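A.B. asks: Numbers 6 to 593, taken from our numbering, label the letters of the sequence shown in order.
All C-beta atoms in this analysis are idealised placements derived from N, C-alpha and C, irrespective of residue type, glycine included.
Nothing here was measured: the structure is a model prediction, and the numbers come from that model.
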Amino acid sequence: MPGLHQTQLYCLADRRYYETPARLKDEGTRYPLDTEPPADGWRRVSGGLWTSLLPEDREPAGQGWKIHVSTVPEEAEETLLDTARICRAHRVPFKFLRSERALLLMSGKYMSRAGAGKFITLYPPDETVFLRVLDELTRALTGRRGPYILSDLRIGDAPVYVRYGAFVSRWCLDDDGERVLALRHPSGELVPDERGVVFRVPPWVTVPDALRPHLAARAAAGDAAFPYDVSESLQFSNAGGIYLARHRETGRQVVLREARPHSGLDEAGDDAVTRLHREHRALTALAGLDCVPEVYGVRTVWEHHFLIEEHIEGTTLLEEIVGRFALLHSTGTAAELAPYTDWVESVTERLTEALAAVHARGLRFGDLHPSNIIIRPDGRVALIDFEYATALDDPDTPVAGAPGLQAPAGTVGAEADAYALWATWLYMLMPIMEMAGHDRAKALTLERWARRRYGLDAGAGPRRPPALRAAESTDGHERETAALLDGPEPDWAGLRERLLRGIHAGATPERTDRLFPGDPEVFSTGGTDVAHGAAGVLHALHRTGAPVPTVWTDWLVDTARRRDPAAPGGLYGGLPGTAVVLSALGRR
Numbered sequence: 006m007p008g009l010h011q012t013q014l015y016c017l018a019d020r021r022y023y024e025t026p027a028r029l030k031d032e033g034t035r036y037p038l039d040t041e042p043p044a045d046g047w048r049r050v051s052g053g054l055w056t057s058l059l060p061e062d063r064e065p066a067g068q069g070w071k072i073h074v075s076t077v078p079e080e081a082e083e084t085l086l087d088t089a090r091i092c093r094a095h096r097v098p099f100k101f102l103r104s105e106r107a108l109l110l111m112s113g114k115y116m117s118r119a120g121a122g123k124f125i126t127l128y129p130p131d132e133t134v135f136l137r138v139l140d141e142l143t144r145a146l147t148g149r150r151g152p153y154i155l156s157d158l159r160i161g162d163a164p165v166y167v168r169y170g171a172f173v174s175r176w177c178l179d180d181d182g183e184r185v186l187a188l189r190h191p192s193g194e195l196v197p198d199e200r201g202v203v204f205r206v207p208p209w210v211t212v213p214d215a216l217r218p219h220l221a222a223r224a225a226a227g228d229a230a231f232p233y234d235v236s237e238s239l240q241f242s243n244a245g246g247i248y249l250a251r252h253r254e255t256g257r258q259v260v261l262r263e264a265r266p267h268s269g270l271d272e273a274g275d276d277a278v279t280r281l282h283r284e285h286r287a288l289t290a291l292a293g294l295d296c297v298p299e300v301y302g303v304r305t306v307w308e309h310h311f312l313i314e315e316h317i318e319g320t321t322l323l324e325e326i327v328g329r330f331a332l333l334h335s336t337g338t339a340a341e342l343a344p345y346t347d348w349v350e351s352v353t354e355r356l357t358e359a360l361a362a363v364h365a366r367g368l369r370f371g372d373l374h375p376s377n378i379i380i381r382p383d384g385r386v387a388l389i390d391f392e393y394a395t396a397l398d399d400p401d402t403p404v405a406g407a408p409g410l411q412a413p414a415g416t417v418g419a420e421a422d423a424y425a426l427w428a429t430w431l432y433m434l435m436p437i438m439e440m441a442g443h444d445r446a447k448a449l450t451l452e453r454w455a456r457r458r459y460g461l462d463a464g465a466g467p468r469r470p471p472a473l474r475a476a477e478s479t480d481g482h483e484r485e486t487a488a489l490l491d492g493p494e495p496d497w498a499g500l501r502e503r504l505l506r507g508i509h510a511g512a513t514p515e516r517t518d519r520l521f522p523g524d525p526e527v528f529s530t531g532g533t534d535v536a537h538g539a540a541g542v543l544h545a546l547h548r549t550g551a552p553v554p555t556v557w558t559d560w561l562v563d564t565a566r567r568r569d570p571a572a573p574g575g576l577y578g579g580l581p582g583t584a585v586v587l588s589a590l591g592r593r
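1) Within its chain, find whatever has a CB closer than 6 Å to the CB of GLU515; leave out the 5 residues flanking it on each side and keep chain order.
2) Assuming ASP234 is part of the beta strand (DSSP E), what are its boundary residues?
3) With the cut-off set at 8 Å, would you say LEU397 and GLY418 are in Cβ contact?
4) Short of 6 Å in beta carbon distance, which residues of its chain neighbour GLU325, apart from the five on each side in sequence? Order them along the chain.
5) Look at HIS316 and VAL386 and say whether their C-beta atoms are less than 8 Å apart.
6) With a cut-off of 8 Å on the beta carbons, I'd call ARG63 and PRO129 a contact; round off their distance for me.
7) Looking only at its own chain, which residues have a Cβ that is under 7 Å from the Cβ of LEU505, when we skip the five neighbours before and after it?
8) ASP347 to GLU354, Cα distance in whole Å?
9) Let me make sure I understand the geometry here. Which of ASP214, TYR233, SER268 has the alpha-carbon closest to that of GLU254?
10) Considering LEU102, what are the terminal residues of the alpha helix (DSSP H) in which it resides?
11) Using the C-alpha atoms, what's the distance from LEU108 back to GLY122?
12) Kindly identify the DSSP beta-bridge partner or partners of TRP176.
13) Whose C-alpha, out of ARG93, GLY182, LEU127, is nearest the C-alpha of VAL165?
14) Express the C-alpha separation of TYR15 and GLY532 in angstroms, rounding to a whole number.
15) Which residues bound the alpha helix (DSSP H) around VAL542?
16) Could you name the residues of the same chain whose beta carbon sits closer than 6 Å to that of ASN243, not counting the 5 residues immediately before and after it, in chain order?
17) At a cut-off of 7 Å, would you count ALA463 as near the ligand GDP, judging by its Cβ distance to the nearest heavy atom?
18) Taking C-beta to C-beta, are ARG265 and GLY245 nearer than 8 Å?
19) State the CB to CB distance for the pair ASP31 and SER104, rounded to an integer number of angstroms; the pair is presumed to be in contact (CB under 8 Å).
20) What is the residue span of the alpha helix (DSSP H) that ALA429 lies within?
21) Indicate the three-state DSSP secondary structure (helix, strand or coil) for THR1 in the structure shown.
22) Tell me which same chain residues have a C-beta within less than 7 Å of the C-beta of ALA362, skipping the five on either side of it?
23) Please state if the CB of ALA405 and the CB of ASP383 are separated by a distance shorter than 8 Å.
24) Mind checking PRO403: buried by the 16 CB within 10 Å criterion, or exposed?
25) Would DSSP call GLU299 helix, strand or coil?
26) Identify the residues that DSSP records as bridge partners of THR211: which are they?
27) Do LEU110 and LEU17 have their C-beta atoms within less than 8 Å of each other?
28) Going by DSSP, which residues form a beta bridge with ILE313?
29) Along the beta strand (DSSP E) that carries ALA171, what are the first and last residues, could you check?
30) Out of PRO400, ASP399, ASP401, ASN377, which one is the CA nearest neighbour of PHE391?
31) Starting from the N-terminal side, write out each stretch of the alpha helix (DSSP H) that is 4 residues or longer and does not extend beyond the region 59 to 125.
32) According to the neighbour-count rule (16 or more other Cβ atoms, all chains shown, within 10 Å of its Cβ), is ARG661 buried or exposed?
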């Protein structure tokens with residue numbers, strides 16, 4: 006099962022459904038090396054967001070020392086051409102991210118830290134070629150920029166990194182029983198290829214002497230004069246970590262916000278360091294307000310930048326909602342709901358005051374959502390995470406915000422914060438606002454339902470944002486669907502018919518990898534099983550008496566025949582379950 010960061014890859018190509026990264030719409034940003042015919046004696050293989058160029062007379066070795074190259078978007082094409090030239094000269098197989106859009110997305114804040122920064126990967130056939138190519142590549146790319154690759158050892162002053170790992174896909178089970186990429190131990194046993202955020206060498210591998218100076222340089226990196234001791238890690242992302250720390254001399258507890266250069270790129274192409282210094286400027290401008298953290302300065306340790314700010318006691322609004330949400334802890338009578346709605350009103354009033362104070366200093370917060378709001382023990386609120394704060398009159402505001410709480414494109418200044426305030430108020434009442442990120446009209450449905458369920462009159466809560474006027478004119482289908490749930494008994498037949506229409510609309514029998522949208526696992530299990538694939542959908546249709554189109558059954562038969570009969574899986578996740586469903590459908 007893909008982890009959270011791996012799942013992010015399947016969110017890139019389609020906003021509505023999980024989709025294979027290979028279908029990313031990036032045609033206008035492809036690198037020439039991806040689109041031009043390969044050089045004589047070379048062949049091109051595409052997989053996901055990666056393009057591989059392989060010598061026709063040589064297959065990659067099973068494992069060994071691999072070389073990674075990182076880059077920044079403005080240097081990527083030149084770095085790719087220089088690397089390709091060296092690879093061709095030594096007939097070293099390599100792969101690269103196929104487009105600038107892929108590079109930007111894979112460098113995003115919430116992509117896997119273990120794989121972040123890798124733009125090009127080289128697969129030298131042996132240690133001699135590895136060291137020769139490494140030397141040439143380092144000299145060619147010295148002075149170029151790129152994010153630090155956490156899993157690797159950096160070589161010199163170039164964005165060139167190395168690690169020992171698998172070159173081809175071989176699999177084994179880890180200690181948790183999960184299927185993971187494997188290395189072959191000298192004993193012949195397959196063992197996990199550990200791909201974490203720390204450079205590790207398998208115990209049976211000898212580090213080449215040429216790498217030892219770089220190991221020593223890595224061990225010596227740091228700043229012994231840094232006056233803070235970290236006591237707890239609060240959050241990690243590809244942009245950097247957030248830590249709770251204490252000053253060694255004063256004992257003052259602080260929050261350290263880390264920013265890694267050229268990492269955690271956002272939609273505007275800004276990296277974590279750019280956003281950290283933007284936040285520092287904002288907090289400096291807001292000094293003295295009790296609704297924002299006090300800022301103590303910025304410091305660079307090794308190459309990473311740290312914003313040092315006040316630690317505010319309390320819990321996030323999101324945590325408060327989870328602990329208090331009335332519809333989970335009561336039967337929902339008016340008397341039982343009143344304390345919760347009173348609390349929501351109090352929090353909303355204090356958020357309104359906090360935003361007004363920020364606006365009075367000429368700034369727009371820009372990223373209001375329940376995880377960026379601290380509720381102090383006495384009930385006062387504080388806003389945190391000002392990396393998207395900009396001047397109120399700045400027309401070119403950064404794109405930020407949680408799904409469903411982000412203002413529509415083109416909403417600027419105080420109106421953007423007003424939208425997020427209204428959405429946060431509604432989130433406290435109906436914490437499923439993420440749906441509104443796909444359809445603004447859904448927010449109006451949730452508002453109508455919340456007012457009715459909590460007994461709120463039309464004047465309760467913040468004013469509805471003007472940015473929702475477009476949604477107000479297009480939410481007829483939302484009202485139609487919502488009407489099916491109104492009344493003493495839902496219109497189950499009508500709901501069933503809409504579900505069937507949705508399933509038919511989503512079917513793609515022209516594809517070979519999956520018949521219906523589903524979990525990311527559908528792309529690694531062949532698209533046929535009950536758990537994630539077509540067999541589960543056809544089984545549900547058949548058991549509920551809905552017709553199953555012949556073309557769908559044909560697709561399942563044809564696709565199952567192409568699968569390896571020895572592939573793992575049982576009735577739920579493998580071919581045996583597919584066979585049972587096909588039998589029930591009359592295909593034996």
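C.D. replies: Considering the structure as presented:
1) none
2) 233 to 242
3) Yes. Within cutoff.
4) ILE380
5) no
6) So it is not a contact: roughly 11 Å between Cβ atoms.
7) ALA551
8) 11 Å
9) Check the Cα spacing between GLU254 and each of ASP214, TYR233, SER268: the tightest is with TYR233.
10) Run containing LEU102: none in the alpha helix (DSSP H); it sits in the beta strand (DSSP E), 99 to 102.
11) Cα to Cα, the separation comes out at about 9 Å.
12) LEU186
13) LEU127
14) Straight-line measurement puts the Cα of TYR15 at about 15 Å from the Cα of GLY532.
15) 539 to 548
16) Excluding sequence neighbours, ASN243 sits near LYS114, MET116, ARG118, ALA121, SER268, GLY269.
17) In terms of ligand content, the structure shown is empty, and the ligand GDP therefore cannot be addressed.
18) For ARG265 and GLY245, yes; Cβs fall inside 8 Å.
19) 4 Å
20) Per the sequence shown, the amino acid found at residue 429 is Thr instead of Ala. Segment 418 to 434, the alpha helix (DSSP H) holding THR429.
21) Nothing can be reported for residue 1, as the shown portion of the chain is limited to 6 through 593.
22) LEU294, CYS296
23) no
24) buried
25) Coil.
26) Partner(s): none; THR211 has no beta bridge.
27) yes
28) According to DSSP, residue pairing for ILE313 in a beta bridge involves LEU261, GLY302.
29) 165 to 171
30) ASN377
31) 81 to 95, 105 to 111
32) Given that the chain is displayed from residue 6 to residue 593, the structure contains no residue 661 and the question cannot be resolved.
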